[in-house]
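S.K.: Numbering (this note's numbering), first residue to last: 22 to 111.
Ideal Cβ positions, reconstructed from N, Cα and C, are used throughout, including at glycine.
Keep in mind it's a predicted model, so treat the numbers as computed, not measured.
What follows is the structure, given as structure tokens:
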């Protein structure tokens, strides 16, 4: 069954933010599909995502809109939430 909510996070060198964001998202929305769409990071972003098995890593073209579009195409949820890596949900 497809998830109801897909959370798409465009990222470029966001390891420090992803360390905080991903556990928070998983705790708040455990049934959500979480996708991090990377635009060519050269920090530890990929390793951070790899430590959270339920989060999908996608390589996309650089550019926030392009990354968001790539995430939207890959998402399976009926509702899409686009979230910046430096933003925690209230």
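In angstroms with no decimal places, state the Cα-to-Cα distance between residue 42 and residue 107.
M.R.: Along the chain shown, one-based indexing puts residue 42 at 21. Along the chain shown, one-based indexing puts residue 107 at 86. Taking the straight line from one Cα to the other gives about 7 Å.
S.K.: Would you mind sorting residue 71 into buried or exposed? The rule is 16 or more other CB atoms within 10 Å of its CB.
M.R.: Within the chain shown, residue 71 is the residue found at index 50, counting from 1. With fewer than 16 Cβ atoms within 10 Å of its Cβ, residue 71 is classed as exposed.
S.K.: The beta strand (DSSP E) spanning residue 44 covers which residue range?
M.R.: Counting from 1 along the chain shown, the entry for residue 44 is found at position 23. Per DSSP, residue 44 belongs to no beta strand (DSSP E); it is in the alpha helix (DSSP H), 36–49.
S.K.: Express the C-alpha separation of residue 69 and residue 33 in angstroms, rounding to a whole number.
M.R.: For this step, residue 33 is matched to residue 12 along the chain shown. For this step, residue 69 is matched to residue 48 along the chain shown. Each residue's alpha carbon lies about 13 Å from the other.
S.K.: Along the chain, where does the beta strand (DSSP E) that runs through residue 80 open and close?
M.R.: Here residue 80 refers to the residue found at position 59 when the chain shown is read from its first residue. Start and end: 76–80.
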